[in-house]
Amino acid sequence: SFNYMILDWQYQRGQLTVLIQQENLDTRALIEACGKNPEFSDVRAEPGITPNQTRLLISLPQVTPEGAADAQ
254 SFNYMILDWQ YQRGQLTVLI QQENLDTRAL IEACGKNPEF SDVRAEPGIT
304 PNQTRLLISL PQVTPEGAAD AQ
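Residue numbers (this note's numbering): 254 to 325.
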């Protein structure tokens, strides 16, 4: 279990970015826990602006309605 605060999140083109805050966050354990979710294809962690912040980058498969490719 993790105890952190979500400060901000953004989703753009299959990429979810979550800015979290927690002192001494075990990013390896967080990445492993998120990686167990079959909906995530890639999970990475980067330093945030301050030492107790982490940017979590999660790739999600792009879901398009059936037939959307045919409409182009």
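Glycine included, every Cβ here is placed at the ideal spot set by N, Cα and C.
Pick from the options: whose alpha carbon is nearest that of residue i?
{"i": "LEU272", "options": "THR307, LEU313, TYR257", "result": "THR307"}
{"i": "ASN256", "options": "THR270, LEU283, GLN268, GLY267", "result": "LEU283"}
Which residues mark the beginning and the end of the beta strand (DSSP E) in which residue i is found?
{"i": "ARG308", "result": "306–312"}
{"i": "LEU272", "result": "268–274"}
{"i": "TYR264", "result": "258–265"}
Taking the alpha-carbon positions, what's the residue i to residue j distance?
{"i": "GLN263", "j": "LEU313", "result": "12 Å"}
{"i": "PRO304", "j": "GLN265", "result": "25 Å"}
{"i": "ILE311", "j": "SER294", "result": "7 Å"}
{"i": "LEU309", "j": "ARG297", "result": "6 Å"}
{"i": "PRO291", "j": "ASP279", "result": "21 Å"}
Does DSSP put residue i in a helix, in a strand, or in coil?
{"i": "ILE284", "result": "helix"}
{"i": "ASP279", "result": "coil"}
{"i": "PRO291", "result": "coil"}
For a cutoff of 8 Å on Cβ pairs, would you count residue i as touching chain C?
{"i": "GLY301", "result": "Included in the structure is just one protein chain, with no chain C present."}
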